[in-house]
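Q: Add 11 to a position in the sequence shown, counting from 1, and you land on the number used in this note's numbering.
Can you read through this structure? Questions will come right after.
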Amino acid sequence: MKVRKAVIAVAGWGIRFLPITKAQPKEMLPLVDKPLIQYSVEEAINSGIEQVILVTALGKRAIEDYFDRSFELEYVLERKGETKRLQEMRELSDLVNVCYIRQKEQLGLGHAILTAKDIIGEEPFAVLLPDDIVDSKVPVLKQMIKVYEQYKTNIVAVERIDRQDTTKYGIIEPKKISGHMYQVLSLTEKPEPSQAPSNLGVVGRYILVPQIFDVLEVTPPGKNQEIQLTDALQLLIKRQAILAYEFEGVRYDTGTPLGWLKATMAFALKRPDIGQELREYLRQLL
Ligand code: G1P
Numbered sequence: 012m013k014v015r016k017a018v019i020a021v022a023g024w025g026i027r028f029l030p031i032t033k034a035q036p037k038e039m040l041p042l043v044d045k046p047l048i049q050y051s052v053e054e055a056i057n058s059g060i061e062q063v064i065l066v067t068a069l070g071k072r073a074i075e076d077y078f079d080r081s082f083e084l085e086y087v088l089e090r091k092g093e094t095k096r097l098q099e100m101r102e103l104s105d106l107v108n109v110c111y112i113r114q115k116e117q118l119g120l121g122h123a124i125l126t127a128k129d130i131i132g133e134e135p136f137a138v139l140l141p142d143d144i145v146d147s148k149v150p151v152l153k154q155m156i157k158v159y160e161q162y163k164t165n166i167v168a169v170e171r172i173d174r175q176d177t178t179k180y181g182i183i184e185p186k187k188i189s190g191h192m193y194q195v196l197s198l199t200e201k202p203e204p205s206q207a208p209s210n211l212g213v214v215g216r217y218i219l220v221p222q223i224f225d226v227l228e229v230t231p232p233g234k235n236q237e238i239q240l241t242d243a244l245q246l247l248i249k250r251q252a253i254l255a256y257e258f259e260g261v262r263y264d265t266g267t268p269l270g271w272l273k274a275t276m277a278f279a280l281k282r283p284d285i286g287q288e289l290r291e292y293l294r295q296l297l
């Protein structure tokens, strides 16, 4: 069965980004001039996804407004003769078929995914975490869907990380299958470097089969008292294969101010309209 639906988890508080996230969803922070969430939505669309399910929470209304139509704004742009911007705004609201679910209590990523159970139904689906933005020729999710079509089982995206950073990721115990592919023997959420089974960290892209929901329903709270997707995957391994795919592309963790700044610089430097001037400015600054 084709991967048609993608769940994007946007319910987190963005604690690493306080104070701005007190009254502003972190997913609406800009990367140059587009909000972070748009990169994930566009990645999903460019990977062939037909329906995007955003798991939101209290204080995230700006995201819903962003993908909605604004007749007032269109009216103003039309009167001002801003035809190009008007066109862009219409394209934005036509971008995708989005549906929203509210996670009423922030009980963890696993719990957020579980709220999408009825909308997903009995089909494989993708999960994207918008903190992880990947700059790549082929969208990471598209790379993963290709792998899924070959193996027809759960796939997690992984990347080699620094040993001292294992406390920031789900870490896999790998068994190499081929160049970029591993069988996952076990997964641990954010282990200490000395306890980590490898330095292959899970990056926020998953393709999951619907059996994950049965497991999520019985997954007890784990790290930080949250229902962890990593723990559910660990339970699922007993029933079904989980594969890990080392993707092609450069990943940025935009969930921290430094990671976000690095991504902002990298994306801005590549822009034909501002890149050159910014490069010169940075040279002067240094
Ligand atoms: C989540 C997952 C973790 C994964 C990471 C990727 O953690 O729980 O397993 O490695 O995303 O970004 P978070 O970054 O939300 O704490």
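Note that beta-carbon positions come from the ideal geometry of N, C-alpha and C, so glycine has one too.
As the structure is a prediction and not an experimental result, all values here were calculated from the model.
Which residue's Cα is closest to the Cα of residue 42: 271, 247 and 246?
A: Among 271, 247 and 246, the Cα nearest to that of residue 42 belongs to 271.
Q: Quick check: residue 260 and residue 148, are their CB atoms within less than 9 Å of each other?
A: Result yes, Cβ atoms of residue 260 and residue 148 sit closer than 9 Å.
Q: Are residue 23 and residue 98 closer than 9 Å when you measure CB to CB?
A: No, Cβ-Cβ distance for residue 23 and residue 98 is not below 9 Å.
Q: Thinking C-alpha only, which one of 141, 214 and 18 is nearest residue 130?
A: Answer by Cα proximity: 18.
Q: Among the residues of its own chain, which have a CB less than 6 Å from the CB of residue 94, if the five just before and after it don't count?
A: Excluding positions up to five away in sequence, the list is empty.
Q: According to DSSP, is residue 253 helix, strand or coil?
A: Here residue 253 sits in strand by DSSP.
Q: For residue 48, which of helix, strand or coil comes out of DSSP?
A: Helix.
Q: Given this structure, state the Cα-to-Cα distance separating residue 239 from residue 198, to the nearest angstrom.
A: Distance between the alpha carbons of residue 239 and residue 198: 11 Å.
Q: Exposed or buried, which one is residue 34 when buried takes at least 16 other CB atoms within 10 Å?
A: Its Cβ having fewer than 16 others within 10 Å, residue 34 is exposed.
Q: Under 8 Å: does the beta carbon of residue 70 sit that close to some heavy atom of the ligand G1P?
A: Result no, Cβ not under 8 Å from the ligand G1P.
Q: Could you check what DSSP says for residue 264 in three-state terms: helix, strand or coil?
A: Strand at residue 264.
Q: For residue 222, count the other beta carbons within 10 Å of its own beta carbon; 16 or more makes it buried, fewer makes it exposed. Which is it?
A: Exposed.
Q: Can you check the stretch 132-211 for any alpha helix (DSSP H) of at least 4 residues that lies completely inside it and give the ranges in chain order?
A: If we require 4 residues or more, the alpha helix (DSSP H) runs fully inside the stretch 132-211 come out as 151-162.
Q: Cutting at 7 Å between CB atoms, please list the residues of its own chain near residue 133, excluding the five before and the five after it.
A: 221, listed in sequence order.
Q: So is residue 37 buried or exposed if we call it buried at 16+ other beta carbons inside 10 Å?
A: Buried: at least 16 other Cβ atoms inside 10 Å.
Q: Grab the span of the beta strand (DSSP E) containing residue 87 for me, first residue to last.
A: Per DSSP, residue 87 belongs to no beta strand (DSSP E); it is in the alpha helix (DSSP H), 82-90.
Q: Give the DSSP bridge partners of residue 217, in chain order.
A: 138 and 167.
Q: Looking at residue 218 and residue 136, is the spacing between their C-beta atoms short of 9 Å?
A: Result yes, Cβ atoms of residue 136 and residue 218 sit closer than 9 Å.
Q: Check whether the Cβ of residue 173 lies closer than 8 Å to any heavy atom of the ligand G1P, and answer yes or no.
A: No, the Cβ of residue 173 stays beyond 8 Å of every heavy atom of the ligand G1P.
Q: From the beta carbon of residue 127, is the nearest beta carbon of chain C less than 9 Å away?
A: Of the protein chains in the structure, only one exists, and it is not chain C.
Q: Please list the terminal residues of the continuous beta strand (DSSP E) segment that includes residue 43.
A: No beta strand (DSSP E) holds residue 43; DSSP gives it neither H nor E.
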